[in-house]
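Worksheet for the structure shown next.
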Amino acid sequence: MADTKSGHGKWLDGMSSRFRDGRNQDLRAFLSKVKAARRPDGPFRIADLGGTFAYWNRVGIDFLEQNDIIVTCINYVESELGIDAADGGGRLRAETGNACDLNGYADNSFDLVHSNSVIEHVGRFPEMMAFAGEVRRLAPAYYVQTPYAGFPIDPHSPRLPFYHWLPESLRLKAQRSMKVGWSSPPKDVAHAMRHVDNVVLLERTRFRYLFPDARHRFERVLLLPKSMIAERS
Numbered sequence: 020m021a022d023t024k025s026g027h028g029k030w031l032d033g034m035s036s037r038f039r040d041g042r043n044q045d046l047r048a049f050l051s052k053v054k055a056a057r058r059p060d061g062p063f064r065i066a067d068l069g070g071t072f073a074y075w076n077r078v079g080i081d082f083l084e085q086n087d088i089i090v091t092c093i094n095y096v097e098s099e100l101g102i103d104a105a106d107g108g109g110r111l112r113a114e115t116g117n118a119c120d121l122n123g124y125a126d127n128s129f130d131l132v133h134s135n136s137v138i139e140h141v142g143r144f145p146e147m148m149a150f151a152g153e154v155r156r157l158a159p160a161y162y163v164q165t166p167y168a169g170f171p172i173d174p175h176s177p178r179l180p181f182y183h184w185l186p187e188s189l190r191l192k193a194q195r196s197m198k199v200g201w202s203s204p205p206k207d208v209a210h211a212m213r214h215v216d217n218v219v220l221l222e223r224t225r226f227r228y229l230f231p232d233a234r235h236r237f238e239r240v241l242l243l244p245k246s247m248i249a250e251r252s
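If you want my numbering, it's the position in the sequence shown, counting the first as 1, plus 19.
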């Protein structure tokens, strides 16, 4: 079948792939450091809030095996766990749950909580506070990444730069009139508003407030801050 993806789409895919490879390398280094400090012997337990099996297959099953890491992916929607992907010989486990309210898990049930591009999807600031509280409660260490609101391209809407800086009414209009993300434009207002409401990007002030005990850093593209990472080791 012929490749019908536009040149713009191929460029975005290529840039995202290179960026993701670099992030995975940094993540592996961080996890190795935390495991060596906190649990050098025995299995190292990670809770990935909003995680998928496919993500950890990209990080590397060999890496998980070599470091005796077990990852529990906790996702609100079972179908998004991607459990049809390789489970790494038991290194990956799946649970359904609301990452803003995981009262079925005791404090420090895990060694580390991981979250990649999830907090911007949980709702408004009260939901983000609940999510951050669970991240900090479930483990003594964590790694949280989210796209930066100050970067001109929202990775959820890459075909329309500055989309996320527009007022809600114009974002709704854009959603209904063009392909701003990865799916075709919905004509129905309710459907389009679900796309508008599904992403709330954070700036540095709120992100630091949510994770006050973390080391904060930017990931950059061409010197511009593209995403934010909060790490507690």
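Note that beta-carbon positions come from the ideal geometry of N, C-alpha and C, so glycine has one too.
Here the structure is a predicted model, which is why all the values come from computation and not from measurement.
- Residue range of the alpha helix (DSSP H) that residue 80 falls in? Residue range 80-85 is occupied by the alpha helix (DSSP H) that includes residue 80.
Terminal residues of the alpha helix (DSSP H) in which residue 151 lies
144-157
Classify residue 197 as buried or exposed, calling it buried when 16 or more other Cβ atoms lie within 10 Å of its own Cβ.
exposed
Next on the checklist: Tell me the residue span of the alpha helix (DSSP H) that contains residue 197.
Outcome noted: It is not in any alpha helix (DSSP H) - residue 197 carries neither H nor E in the DSSP assignment.
With three or more C-beta pairs closer than 8 Å as the rule, is the region 64-83 touching the region 150-163? yes
Buried versus exposed, by CB contacts within 10 Å (16 or more), residue 54: buried
Practice item. Assuming residue 229 contacts residue 183 (C-beta within less than 8 Å), just tell me the rounded distance between them. Key: Between residue 183 and residue 229 the Cβ distance is about 19 Å, and since that is not below 8 Å, they are no contact.
Notebook entry, point to check: Which residues in the same chain have their Cβ closer than 7 Å to the Cβ of residue 150, if we skip the five residues on either side of it in sequence?
Noted result: 118, 119, 138 and 141
* Among 122, 100, 69 and 108, the one whose alpha carbon lies nearest that of residue 85 -> 108
What separation, rounded to the nearest whole angstrom, lies between the Cα atoms of residue 153 and residue 167? Cα atoms of residue 153 and residue 167: separation of roughly 21 Å, rounded to the nearest angstrom.
Among all the DSSP beta bridges, which residues are the ones paired with residue 164?
-> 135 and 248
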